[in-house]
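Asker: Sharing a structure below in structure tokens format, with a few things to ask.
Numbering (the working numbering), first residue to last: 2 to 738.
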């Protein structure tokens with residue numbers, strides 16, 4: 002109160018006011034300023050790095066991501082501009098040509114119920130001609146021809162082209178490092194910073210190459226970047242508890258697939274957990290992606306897909322690819338084998354499940370493709386394919402067209418229904434416009450057949466007589482016009498009763514063209530003269546395999562002579578309805594040993610051919626090593642089924658099964674695992690001049706799901722080895738570089 006003595010009331014008020022200011026600014030203000038400064042320093046140290054790196058990350062991802070999204074939207078806009086076409090999947094190349102045609106490859110497109118094959122070049126006018134006939138129970142020849150020209154023939158002559166999809170970003174290190182997701186592992190997972198990291202990840206992770214490959218040491222295959230899939234699974238497990246994060250993650254992974262990224266079986270469990278809607282989209286993307294890649298490289302297995310759209314896409318695409326290979330004189334054998342296996346599995350499944358997998362139009366077109374495209378090609382003696390291969394493939398083709406009672410499926414011919422209502426012909430009757438005699442002379446008369454008589458009969462039939470110049474045999478045949486073809490119904494070979502019975506036995510099961518009948522007459526003339534009604538399939542297979550070594554064949558027996566150095570052995574196989582029922586061998590000791598190893602009760606018609614080929618030339622081991630005829634047959638059956646060859650030698654040494662075989666110029670030796678049907682390790686056999694060299698990493702698995710890989714090896718074994726181990730090929734095959 003001493004101040005009050007010297008100062009009046011107004012002066013005291015002023016003193017107190019400035020006293021407060023002094024204390025607040027100098028006494029407490031220093032502390033407040035220090036605190037704010039500390040906060041700013043900490044903020045700069047902790048958060049500035051995050052935001053700067055986040056902005057840089059976003060800049061890189063946004064630039065690349067925008068190009069990926071823009072390309073995808075461009076393709077969607079192209080489809081929208083080309084009216085009438087629906088896009089299910091846009092993985093590959095797509096553009097409009099300067100002439101206005103839609104060019105597409107590796108996309109899943111459809112229109113008016115028609116599934117387009119892998120490669121497409123279609124104009125607006127051609128698209129307009131597509132009609133609901135593709136959904137109809139009956140189809141006409143004109144429409145089938147137009148479909149072939151538009152979707153099989155035309156794209157096969159076009160080279161693709163165009164704008165590729167932008168590349169996905171490369172993962173350097175790990176996803177956690179790129180997006181800073183280590184925070185999910187600790188107490189900071191609920192912080193603002195970690196939440197920002199996670200949201201950034203969910204917005205952009207699908208722009209990265211989730212299946213990136215990194216180089217490994219020389220001679221080894223490249224492999225998926227380790228940990229990428231595991232990282233995604235780990236991240237998903239940590240965030241799926243929140244519905245928004247779970248939804249964004251599943252959508253992002255689907256977008257990765259839609260933009261062309263590979264999502265395969267490794268993502269199955271994630272998508273199962275995402276829910277049925279996401280899982281169904283994933284399976285379609287996964288299956289199409291795998292199938293499109295297989296078609297691109299030309300190796301396709303017999304897998305049937307749950308989605309019928311994919312099965313029809315696969316059939317049309319294979320037909321397109323086979324036709325293209327035929328035009329370029331490429332060996333079509335591996336691809337045809339895969340194609341026939343696929344069709345066969347479909348027909349068997351349809352019969353067993355009583356469920357339609359292929360619609361009527363697909364079957365009708367496929368049957369036409371077989372009869373008008375594949376059958377003539379397989380008859381062509383000037384094709385690149387060996388006669389033995391052509392015979393085997395023709396047998397498969399006939400089986401698919403006309404059915405197989407043993408395999409229990411109905412052929413395509415019985416299932417298709419042509420609506421032959423074009424101005425040229427009618428299924429119900431033959432109008433004046435259709436001249437069967439003229440049609441026969443212009444399209445069905447072989448050049449080596451001297452026609453002496455041609456007479457029109459009832460019910461769209463023709464009776465012909467003439468002489469086959471190749472065999473000098475006289476022939477009378479009745480042909481019937483049905484299903485847009487003239488096929489032989491019955492024959493009579495002059496002065497050759499048994500040959501007549503043989504040919505008619507074949508025709509009873511498989512309707513054939515006159516050209517095919519004449520070929521069979523030439524090929525089986527000698528055999529048929531020694532036998533009664535023959536089993537067509539087995540005798541044809543044996544004839545193709547053993548040629549002159551097959552001295553007789555019928556539905557009750559087959560005799561084969563085997564010659565090796567100075568040794569000659571005659572095998573007499575007893576048959577019953579195509580099944581092996583007994584065996585006699587001129588070498589009685591060999592006969593007794595082999596009969597101990599065979600259980601005839603377990604042999605059926607489907608395995609008889611393989612068994613016969615395995616028995617001819619087979620030498621049992623003297624010692625009991627646990628490897629007998631059954632195991633030998635198993636190995637042989639797999640080689641015949643997948644490689645269409647017999648192993649040169651199958652032995653057992655100290656319990657290990659050794660298989661000696663040759664693919665083109667390569668001679669190989671492999672250890673066969675009977676339990677898993679795997680051949681591994683495999684060595685290149687250089688003969689006596691050099692010890693065998695094991696090919697590291699080469700394993701052949703003889704299963705249907707590995708057909709594509711087996712075909713890749715079979716088609717070009719040296720190139721397959723080069724991709725697997727370039728150093729080995731360079732060292733041991735320098736002349737092939």
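All C-beta atoms, glycine included, are put in the ideal place defined by N, C-alpha and C.
Please name the residue or residues paired with residue 670 in a DSSP beta bridge.
Answerer: Taking the first residue of the chain shown as 1, we reach residue 670 at position 669. Answer is 661 and 684.
Asker: Helix, strand or coil for residue 357, going by three-state DSSP, please let me know.
Answerer: Taking the chain shown and counting its residues from 1, the one referred to as residue 357 is at position 356. Coil, per DSSP.
Asker: Since residue 397 and residue 119 are thought to touch, with beta carbons under 8 Å apart, how far apart are those beta carbons, to the nearest angstrom?
Answerer: By 1-based counting over the chain shown, the position of residue 397 is 396. By 1-based counting over the chain shown, the position of residue 119 is 118. Not quite, the Cβ-Cβ distance comes to about 23 Å (not below 8 Å), so this is no contact.
Asker: Just the C-alpha distance for residue 546 and residue 614, rounded to the nearest angstrom, thanks.
Answerer: Counted from its first residue, the chain shown places residue 546 at position 545. Counted from its first residue, the chain shown places residue 614 at position 613. Rounded to the nearest angstrom, the two C-alpha atoms are 8 Å apart.
Asker: What residue range does the beta strand (DSSP E) around residue 478 cover?
Answerer: Here residue 478 refers to the residue found at position 477 when the chain shown is read from its first residue. That run of the beta strand (DSSP E) goes 474-483.
Asker: Quick check on the burial criterion: 16 or more other C-beta atoms within 10 angstroms. Buried or exposed for residue 532?
Answerer: Taking the first residue of the chain shown as 1, we reach residue 532 at position 531. Residue confidence for residue 532 is low, a pLDDT of 46 falling below 50, so the modelled location carries little weight and cannot support an answer.
Asker: Do three or more CB pairs link the region 437-446 to the region 370-386 at distances below 8 Å?
Answerer: no
Asker: Within 10 angstroms of its Cβ, does residue 489 collect 16 or more other Cβ (buried), or is it exposed?
Answerer: Numbered from 1 along the chain shown, position 488 holds the residue referred to as residue 489. Its Cβ being crowded by 16 or more others within 10 Å, residue 489 is buried.
Asker: Flag this pair as touching only if the region 90-104 and the region 287-297 have three or more C-beta atom pairs under 8 Å; answer yes or no.
Answerer: yes
Asker: Let's see if you can read the secondary structure: which residues bound the alpha helix (DSSP H) around residue 198?
Answerer: Here residue 198 is taken as the residue at index 197 of the chain shown, counted from 1. Segment 193-205, the alpha helix (DSSP H) holding residue 198.
Asker: Report the rounded CA-to-CA distance for residue 679 versus residue 724, giving the unit in angstroms.
Answerer: One-based indexing of the chain shown puts residue 679 at position 678. One-based indexing of the chain shown puts residue 724 at position 723. If you take the alpha carbons of residue 679 and residue 724, they lie about 20 Å apart.
Asker: Is it buried or exposed, residue 536, if we count other Cβ atoms within 10 angstroms and call 16 or more buried?
Answerer: Locating residue 536 in the chain shown gives position 535, counting from the first residue. Only weak support is given to the placement of residue 536: the predicted model assigns it a pLDDT of 49, under 50, and the value that follows is read from those uncertain coordinates. Residue 536 should be labelled buried.
Asker: Closest to residue 684 by C-alpha separation, out of 667, 154 and 463, would be which residue?
Answerer: Taking the first residue of the chain shown as 1, we reach residue 684 at position 683. Nearest option by C-alpha distance: 667.
Asker: Measuring straight from C-alpha to C-alpha, what distance separates residue 270 and residue 245?
Answerer: Indexing the chain shown from 1 puts residue 270 at position 269. Indexing the chain shown from 1 puts residue 245 at position 244. For residue 270 and residue 245, the distance between alpha carbons rounds to 19 Å.
Asker: According to DSSP, is residue 242 part of a helix, a strand, or is it coil?
Answerer: Locating residue 242 in the chain shown gives position 241, counting from the first residue. It is coil, neither helix nor strand.
Asker: Could you tell me which residues DSSP puts in a beta bridge with residue 586?
Answerer: Sequence index remark: in the chain shown, residue 586 carries index 585 (1-based). In the DSSP output, where bridge partners are listed per residue, residue 586 has 572.
Asker: Per DSSP, which one or two residues make a beta bridge with residue 1?
Answerer: Because residue 1 is not part of the residues shown, which for the chain are 2 to 738, the question remains open.
Asker: Do residue 342 and residue 393 have their C-beta atoms closer together than 8 Å?
Answerer: For the purposes of this step, residue 342 is taken as the residue at position 341 of the chain shown. For the purposes of this step, residue 393 is taken as the residue at position 392 of the chain shown. No, they are not a contact pair.
Asker: On the DSSP letters alone, give me the boundaries of the beta strand (DSSP E) that residue 709 sits inside.
Answerer: As a first step, residue 709 is located in the chain shown; it is residue number 708 there, counting from the start. First-last for residue 709: 708-716, but that is the alpha helix (DSSP H), not the beta strand (DSSP E).
Asker: Starting from residue 170, follow the beta strand (DSSP E) in both directions and report where the run begins and ends.
Answerer: By one-based count along the chain shown, residue 170 stands at place 169. Element bounds for residue 170: n/a, residue is neither H nor E.
Asker: Check whether the Cβ atoms of residue 452 and residue 463 sit closer than 8 Å, and answer yes or no.
Answerer: Counting from one through the chain shown, the residue named residue 452 turns up at place 451. Counting from one through the chain shown, the residue named residue 463 turns up at place 462. No.
Asker: Whose C-alpha, out of 437, 642, 174 and 369, is nearest the C-alpha of residue 460?
Answerer: Your numbering for residue 460 matches position 459 in the chain shown. Nearest of 437, 642, 174 and 369 to residue 460, Cα basis: 437.
Asker: Quick check: what's the CA-CA separation for residue 458 versus residue 440?
Answerer: Indexing the chain shown from 1 puts residue 458 at position 457. Indexing the chain shown from 1 puts residue 440 at position 439. So the alpha carbons of these two residues sit roughly 14 Å apart.
Asker: Taking all protein chains shown into account, do 16 or more other C-beta atoms lie within 10 angstroms of the C-beta of residue 81, making it buried, or fewer, making it exposed?
Answerer: The residue given as residue 81 occupies position 80 in the chain shown. Its Cβ having fewer than 16 others within 10 Å, residue 81 is exposed.
Asker: Apart from the five residues on each side of it in sequence, which residues of its chain come closer than 8 Å, Cβ to Cβ, to residue 324?
Answerer: As a first step, residue 324 must be located in the chain shown, where it is residue number 323. Closer than 8 Å at Cβ, skipping near neighbours: 153, 154, 157 and 374.
Asker: Between residue 576 and the rest of its own chain, which residues show a CB-CB distance below 8 Å, the 5 nearest in sequence each way excluded?
Answerer: As a first step, residue 576 is located in the chain shown; it is residue number 575 there, counting from the start. Result list for residue 576: 536, 539, 555, 556, 557, 558, 559, 582 and 609, in chain order.
Asker: Assuming residue 416 contacts residue 403 under a Cβ cut-off of 8 Å, what Cβ separation, rounded to an integer in Å, is found between them?
Answerer: Counting from one through the chain shown, the residue named residue 416 turns up at place 415. Counting from one through the chain shown, the residue named residue 403 turns up at place 402. Wrong, their Cβ atoms sit about 11 Å apart, outside the cutoff.
Asker: Between residue 117 and the ligand MN, is there a pair consisting of the residue's CB and a ligand heavy atom that are separated by less than 7 Å?
Answerer: Looking for the ligand MN in the displayed structure turns up nothing, as the structure carries no ligands at all.
Asker: Which same chain residues, not among the five before or five after residue 1, have their C-beta less than 6 Å away from its C-beta?
Answerer: Absent from the model: residue 1. The displayed extent of the chain is 2 to 738, so no value can be given.
Asker: Using only the alpha-carbon positions, how far apart do residue 534 and residue 287 sit?
Answerer: One-based indexing of the chain shown puts residue 534 at position 533. One-based indexing of the chain shown puts residue 287 at position 286. Annotation note: pLDDT 45 at residue 534 (below 50); position unreliable, coordinate value reported separately. C-alpha separation (whole angstroms): 51 Å.
Asker: Considering just the uninterrupted stretch of the beta strand (DSSP E) at residue 108, what are its terminal residues?
Answerer: Locating residue 108 in the chain shown gives position 107, counting from the first residue. Element bounds for residue 108: 103-112.
Asker: Can residue 279 and residue 251 be called in contact, C-beta distance under 8 Å?
Answerer: For the purposes of this step, residue 279 is taken as the residue at position 278 of the chain shown. For the purposes of this step, residue 251 is taken as the residue at position 250 of the chain shown. It is a contact, given that the beta carbons lie within the stated cut-off.
Asker: Measuring alpha carbon to alpha carbon, tell me which of 276, 473 and 494 ends up nearest residue 465.
Answerer: The residue given as residue 465 occupies position 464 in the chain shown. Ranking 276, 473 and 494 by Cα distance to residue 465 puts 494 first.
Asker: Starting from residue 469, follow the beta strand (DSSP E) in both directions and report where the run begins and ends.
Answerer: Position 468 of the chain shown holds residue 469. Run containing residue 469: 462-469, per the beta strand (DSSP E) assignment.
Asker: Please report the straight-line C-alpha distance between residue 1 and residue 501, rounded to a whole angstrom.
Answerer: Any property of residue 1 remains undetermined from this structure, which presents the chain solely from 2 to 738.
Asker: Could you give the distance in angstroms between the alpha-carbon of residue 178 and the alpha-carbon of residue 229?
Answerer: Working through the chain shown from its first residue, we reach residue 178 at position 177. Working through the chain shown from its first residue, we reach residue 229 at position 228. In a straight line, the C-alpha of residue 178 is about 12 Å away from that of residue 229.
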